[in-house]
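Working notes, beginning with the structure itself.
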Amino acid sequence: MHLVVGATGPVGLGGEICRQLRAAGRPVRALARQTANADRVAELARIGVELVHGDLKKPHSLREACRGIETVISTASMMVSSQKGDTVENVDGTGQTDLVDAAEAAGVRSFVYLSFSQHIDRDFPFRNAKRAVEHRLKQSRLAYTILRPTFLMEVWLSPIAGFDFGHAHARIYGRGRNPISWISMYDVARFAVLSLDTPLARNATFELGGPEAMSPLDVVRIFEEAGGPRFQLEFASEDMLAEQQENAPDSLQRSLAGLGLCYAAGDVIDMTAILRSFPMVLTSVREYARRVLMDPM
Ligand SMILES: NC(=O)c1ccc[n+]([C@@H]2O[C@H](COP(=O)([O-])OP(=O)(O)OC[C@H]3O[C@@H](n4cnc5c(N)ncnc54)[C@H](OP(=O)(O)O)[C@@H]3O)[C@@H](O)[C@H]2O)c1
224 MHLVVGATGP VGLGGEICRQ LRAAGRPVRA LARQTANADR VAELARIGVE LVHGDLKKPH
284 SLREACRGIE TVISTASMMV SSQKGDTVEN VDGTGQTDLV DAAEAAGVRS FVYLSFSQHI
344 DRDFPFRNAK RAVEHRLKQS RLAYTILRPT FLMEVWLSPI AGFDFGHAHA RIYGRGRNPI
404 SWISMYDVAR FAVLSLDTPL ARNATFELGG PEAMSPLDVV RIFEEAGGPR FQLEFASEDM
464 LAEQQENAPD SLQRSLAGLG LCYAAGDVID MTAILRSFPM VLTSVREYAR RVLMDPM
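What the sequence shown shows, in my numbering, is residues 224 to 520, in sequence order.
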């Protein structure tokens, strides 16, 4: 039995991992909060996922959830889907390290953790939490797989991050000229599932990107060529983001600014070597653009 923590969010990486595992006939349990979106919870139940109530802020619920589990896969984060009482520190920080503790105590064999790219490396709370969890996991008795994707198309090329293709309006962080290896969350989910059966993934960390690196301004051009109207652009300057990363009143705002600065700096990931061990065809930005323009989220 695999436990997925983070299966109920609006972006959907954890939910997609559940779907791919169930499609392969594998038993899956998902941790859901009392406040989780009811439709997403119902969909998980419909595909045969066993549901257990819990919250990363409540360690006893994690111990219950881990009982009888072989592998924990944690994609949870409060960055996009925070509820009252959530902070970067108590969800992405201690919440996740408590989950590692609970998995270890319950005799879980392995743990797949969704972190992010090594190039997201400025000093801000979310990045510090991710690296602290990686560190705790590596020190545990669990076999670990750390997945470090770069910027997800479904977040940074979507209205969630101000890339509102439905209204042809895009917020660009920085000047928009530095390339990023945008990756689809469907492909990240595939890596997570394949890593369960790949010996090379045992005690390994993988940087993950899409099939090609391109700048945000190139992405806008691709959306326009794919049939969208001409985009209106709004630029969040690096000076403004740096000021926000320093002085914003809470750790979420400081972290969002830190992420914006890392996006502005670009993040290129060469996937040649990893695709030899994980043979798959990665989604391109052009394919993503066609999909979302045909069927807006
Ligand atoms: N966005 C990017 O570009 C990017 C890049 C690299 C890596 N990642 C990582 O990818 C992972 C998945 O991201 P996503 O965008 O798919 O997330 P998402 O859709 O926002 O889902 C987040 C999940 O975490 C759960 N969660 C939040 N706080 C919780 C708590 N206190 N206890 C239990 N569960 C809690 C949410 O539950 P509720 O439904 O109850 O809120 C939800 O199921 C994250 O770890 C993220 O850091 C993202």
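Glycine included, C-beta positions come from ideal geometry on N, C-alpha and C. Quick caveat, the model's predicted, so the values are computed rather than measured.
Under the DSSP assignment, Ile406 falls outside any beta strand (DSSP E); it carries neither an H nor an E label.
A Cβ-Cβ contact shorter than 9 Å links Val251 with Val227. With fewer than 16 other CB atoms across the displayed protein chains lying within 10 angstroms of its CB, Pro422 is exposed.
Exposure of Ala496 is indicated by the presence of fewer than 16 other C-beta atoms within 10 angstroms of its C-beta. The criterion of a C-beta distance shorter than 9 Å is not satisfied by Leu365 and Phe414. Counting only runs that start and end inside the region 322-355, the beta strand (DSSP E) elements of at least 3 residues fall at 333-337. Straight across, the Cα-Cα distance linking Ser305 with Leu322 is about 18 Å. For Gln476, the uninterrupted alpha helix (DSSP H) segment begins and ends at Ser474 to Ala488.
Minimum Cα-Cα distance from Thr368 among the listed residues Asp346, Tyr396, Phe339 and Arg345 corresponds to Phe339. For Ser500, the uninterrupted alpha helix (DSSP H) segment begins and ends at Ile497 to Ser500.
Counting other Cβ atoms within 10 Å of its Cβ, Gly489 reaches 16 or more and is therefore classed as buried.
Residue state for Ser438 is assigned as coil, using DSSP reduced to three classes.
Residue environment: Met301 is assigned as buried (16 or more neighbouring CB atoms within 10 Å of its CB, all protein chains considered). Counting only residues of its own chain and dropping the five nearest sequence neighbours on each side, Gly308 has a CB closer than 8 Å to the CB of Lys280. Looking at the DSSP output, Ala255 sits in a beta bridge with His276. Glu447 and Pro402 have their C-alpha atoms roughly 18 Å apart. The shortest C-alpha to C-alpha distance from Arg400 to any of Arg354, Ala427, Val491 and Arg332 is the one to Val491. Rounded to whole angstroms, the Cβ separation of Ile292 and Met224 is 6 Å, and the two are in contact under 8 Å. A Cβ-Cβ contact shorter than 9 Å links Met408 with Leu375. Looking at Gly277, Leu285 and Gly238, the one whose alpha-carbon comes closest to that of Asp262 is Gly238. By alpha-carbon distance to Glu430, the top candidate from Val272, Arg286, Thr294 and Ile343 is Ile343.
Proximity of the beta carbon of Gly248 to ligand 1 is not indicated: no heavy atom of the ligand is located closer than 8 Å. Using a cutoff of 8 Å, the CB of Thr317 does not count as near ligand 1, since none of the ligand's heavy atoms is closer than that. Following the DSSP letters along the chain, one finds Ala512 inside the alpha helix (DSSP H) bounded by residues Val508 to Met517.
Remark: C-beta atoms of Ala487 and Gly397 approach each other more closely than 9 Å. Look at Phe446 here: in three-state DSSP terms it is helix.
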